Amino acid sequence: MAMASHPNLESYDLSSLRFIMWGATPVSAGIAETVTNRTGIGWMPAYGTTELPVIACSPLQGARLDAVGRVLPGVDLRVVSTETGERVGPGEVGEIQARSHSLMAGYLPAAATAEVMSQGRYRTGDIGLLDSAGWLRITDRLKEMIKVRGFQVAPAEIEAVLHGHPAVRDCAVFGVPDGANGEAVVAAVAARTPVDDAELRARVAATLASYKRLSRIVFVPDIPRLPSGKVLRRALKKLYGCPSDS
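Numbering (full-length UniProt numbering), first residue to last: 1 to 246.
Dropping the structure here:
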C-alpha cells in the first residue's frame, strides 16, 4: 500500500530487487499492478503461518496475483465447509486446514492446542479455495467474515471492488449488528480525491451479490493497521460505536 502511493518511488535505486512478496494480508490486484508498473518488479506471493511456516508458494515465473501459489510438497492441505466441517470440492470456499512435518508441536498451555486442530490438521482460520489447477487462494479470515441473512461475506472481496475505484486510497470493510439481517456491511474509506458514497455503493452493488451490498460508508483520514498491514477492524467498530465481536 505504501509503495503504491509513495510520491518518490521512482527515485529509488531498486536494481537489486528481484521480486516482491506479500504476507499477513492480501494485496489487491490493482495495488500490486500499480507497484509493478512503477518499479518494473513482479510479485511472488506465498502463504504460511507461525504454526506452519510455509504452506504454499508461487513459482519465480508465472506467479498469479489472485493466488498465493501452489501447495508445497509435504504439505497435506484440505478446504472444509465452515458449516459442516466436510471437505469441499475444487473452487469451493471454506476454511483451510493443513498438516506437515514442519507443523508446530503445540501451544503452551497445551489445552489451547486442541482448539486449533481437527483430525490431525491445523485449522488456519483462513478462508480460501483450491482451484482445479492446484492454485490456493486466500479470501479472508474466518473470524472477520460478516454474516448477512445467513450468508458469509468476505470483507476482502468488497475491499477489492472499492480499491478498483481511482478515488479510493485505502479502505476496510467490517460488520456491525443489525436486527433484521444479523449483521450489516459497513465500509471505512480513505479517499484520494472527493467521491460520493452513492457512487461507491453503486459500484459494489453492480459487481457483487445483493447480500454483499454496503449499508453504510464512513469516510476516514486513514485506515488503522498493524505494522504487518492487517486492518484493525475492532478499532473501526469501536470508533463508530459498534461493539467488538471478538
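Don't be surprised by glycine CBs; every beta carbon is placed ideally from N, CA and C.
Fair warning: this is a prediction, and the values are worked out from it, not measured in the lab.
With a CB to CB cut of under 6 Å and the five nearest residues on each side skipped, what residues in its chain are close to residue i?
{"i": "residue 232", "result": "224"}
{"i": "residue 76", "result": "99"}
{"i": "residue 11", "result": "none"}
{"i": "residue 216", "result": "186"}
{"i": "residue 178", "result": "184"}
{"i": "residue 195", "result": "167"}
List the DSSP bridge partners of residue i.
{"i": "residue 189", "result": "171, 219"}
{"i": "residue 43", "result": "20"}
{"i": "residue 147", "result": "152"}
{"i": "residue 10", "result": "Answer is none; residue 10 lacks a bridge partner."}
{"i": "residue 184", "result": "176"}
{"i": "residue 225", "result": "231"}
{"i": "residue 141", "result": "126"}
Enumerate in chain order the residues of its own chain whose CB-to-CB distance from residue i is below 7 Å, with the five nearest sequence positions on each side excluded.
{"i": "residue 132", "result": "90, 91"}
{"i": "residue 65", "result": "29, 32, 43"}
{"i": "residue 151", "result": "211"}
{"i": "residue 145", "result": "127, 152, 153, 154"}
{"i": "residue 4", "result": "31, 34, 35"}
{"i": "residue 188", "result": "171, 172, 218, 220, 223, 236"}
{"i": "residue 120", "result": "99"}
{"i": "residue 226", "result": "232"}
{"i": "residue 138", "result": "26, 47, 68, 126, 128"}
{"i": "residue 106", "result": "113"}
CB-CB under 8 Å to residue i, same chain, minus the five flanking residues each way: which ones, in chain order?
{"i": "residue 246", "result": "The predicted position of residue 246 is uncertain, since its pLDDT is 42 and thus under 50; no value can be drawn from it."}
{"i": "residue 122", "result": "49, 51, 52, 97, 98, 99, 103, 104, 116"}
{"i": "residue 41", "result": "14, 17, 18, 19, 20, 35"}
{"i": "residue 166", "result": "192, 193"}
{"i": "residue 213", "result": "185, 201, 204, 205"}
{"i": "residue 164", "result": "28, 30, 203"}
{"i": "residue 244", "result": "With a pLDDT of 47 at residue 244, under the threshold of 50, the modelled position of this residue cannot be trusted; read the value that follows with caution. So the list reads 234, 237, 238, once near-sequence residues are dropped."}
On the DSSP letters alone, give me the boundaries of the alpha helix (DSSP H) that residue i sits inside.
{"i": "residue 238", "result": "233-239"}
{"i": "residue 197", "result": "197-207"}
{"i": "residue 210", "result": "Looking at the DSSP string, residue 210 is not in any alpha helix (DSSP H), and its letter there is neither H nor E."}
{"i": "residue 5", "result": "2-5"}
For residue i and residue j, which I take to be in contact (beta-carbon distance under 8 Å), what is that distance rounded to the nearest angstrom?
{"i": "residue 154", "j": "residue 140", "result": "4 Å"}
{"i": "residue 129", "j": "residue 79", "result": "6 Å"}
{"i": "residue 191", "j": "residue 219", "result": "6 Å"}
{"i": "residue 318", "j": "residue 46", "result": "Because the chain spans 1 through 246 in this model, residue 318 falls outside it and cannot be assessed."}
{"i": "residue 159", "j": "residue 172", "result": "7 Å"}
{"i": "residue 204", "j": "residue 148", "result": "The Cβ separation is near 13 Å, so there is no contact."}
{"i": "residue 93", "j": "residue 136", "result": "The Cβ separation is near 12 Å, so there is no contact."}
{"i": "residue 101", "j": "residue 74", "result": "7 Å"}
{"i": "residue 60", "j": "residue 39", "result": "About 17 Å; that fails the 8 Å criterion."}
{"i": "residue 84", "j": "residue 95", "result": "Their Cβ separation, rounded to whole angstroms, is 11 Å, which puts residue 84 and residue 95 out of contact at 8 Å."}
Return the first residue and the last residue of the beta strand (DSSP E) that residue i is part of.
{"i": "residue 161", "result": "It is not in any beta strand (DSSP E) - residue 161 instead sits in the alpha helix (DSSP H) that spans 155-163."}
For this session: With a floor of 3 residues, list each beta strand (DSSP E) that falls wholly inside the segment 49-136, ordered by position along the chain.
Result: Runs of the beta strand (DSSP E) inside the segment 49-136: 69-71, 76-80, 94-99, 121-130.
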